[in-house]
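Trainee: Quick note on numbering: the sequence shown equals residues 1 to 108 in UniProt numbering. Even glycine gets a Cβ: it sits at the ideal position worked out from N, Cα and C. These numbers were taken from a predicted model, which means no experiment stands behind them. Before I ask anything, here is the structure I am working with.
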Amino acid sequence: MLKTRAKYHLGQIVRHRKHPFRGVVFDVDPEFSNTEEWYDAIPEDSRPVKEQPFYHLLAENDQSYYVAYVSEQNLIADYSGEPVGHPDLDEMFGPFEDGSYPLHFQLN
């Protein structure tokens, strides 16, 4: 059995190491849990290992808002103190406070 521990928590703001976007963590998979088609679409020399946490983000860049699925190795914590403007944040989280978003719903 694979044992992994997520580095980032729900509600935390993170940035991508290589691409210009940031987002709020709203779910974590202990290891890759997307389609092989999705994984194969990543250039081979950039593919992350599957045996690590993968994060679902409410993401934003300079042009749009979207949902991103990113490996832990490609994320860094965002300490800018700036809120994220994704329009779906209010559905899952409370108001921005102390650099992150508190959960707005009960987990199972």
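Identify, in the order they occur along the chain, each residue of the same chain with its Cβ nearer than 7 Å to the Cβ of residue 73, setting aside the five sequence neighbours on each side.
Mentor: On the sequence shown, position 73 is the one that residue 73 refers to. 48 and 52, listed in sequence order.
Trainee: Pull up the DSSP beta-bridge partners for residue 100, would you.
Mentor: As a first step, residue 100 must be located in the sequence shown, where it is residue number 100. For residue 100, which the question treats as bridged, DSSP gives the partners 12 and 97.
Trainee: Helix, strand or coil: which one does DSSP assign to residue 72?
Mentor: Position 72 of the sequence shown, counting from 1, holds the residue named residue 72. If DSSP states are grouped into helix, strand and coil, residue 72 belongs with the helices.
Trainee: Evaluate the contact criterion for the region 12–23 versus the region 32–44: three or more CB pairs, one atom per stretch, below 8 Å.
Mentor: Verdict: no, contact absent.
Trainee: Classify residue 40 as helix, strand or coil using the three-state DSSP reduction.
Mentor: On the sequence shown, position 40 is the one that residue 40 refers to. Helix, per DSSP.
Trainee: Quick one: what's got a C-beta closer than 7 Å to residue 29's C-beta in the same chain, skipping five residues either side?
Mentor: One-based indexing of the sequence shown puts residue 29 at position 29. 53 and 54, listed in sequence order.
Trainee: Can you tell which of 18, 22, 10 and 5 has its C-alpha closest to the C-alpha of residue 79?
Mentor: Counted from its first residue, the sequence shown places residue 79 at position 79. Of 18, 22, 10 and 5, the residue nearest in Cα terms is 22.
Trainee: Assuming contact is defined by CB atoms lying nearer than 7 Å, are residue 93 and residue 104 in contact in what I supplied?
Mentor: Taking the first residue of the sequence shown as 1, we reach residue 93 at position 93. Taking the first residue of the sequence shown as 1, we reach residue 104 at position 104. Yes, the Cβ-Cβ distance between residue 93 and residue 104 is below 7 Å.
Trainee: Might you give, ordered along the chain, the residues of its own chain that have their beta carbon closer than 8 Å to the beta carbon of residue 58, omitting 5 neighbours on each side?
Mentor: As a first step, residue 58 is located in the sequence shown; it is residue number 58 there, counting from the start. The answer, listed in chain order, is 23, 24, 26, 65, 67, 84, 86, 88, 89 and 92.
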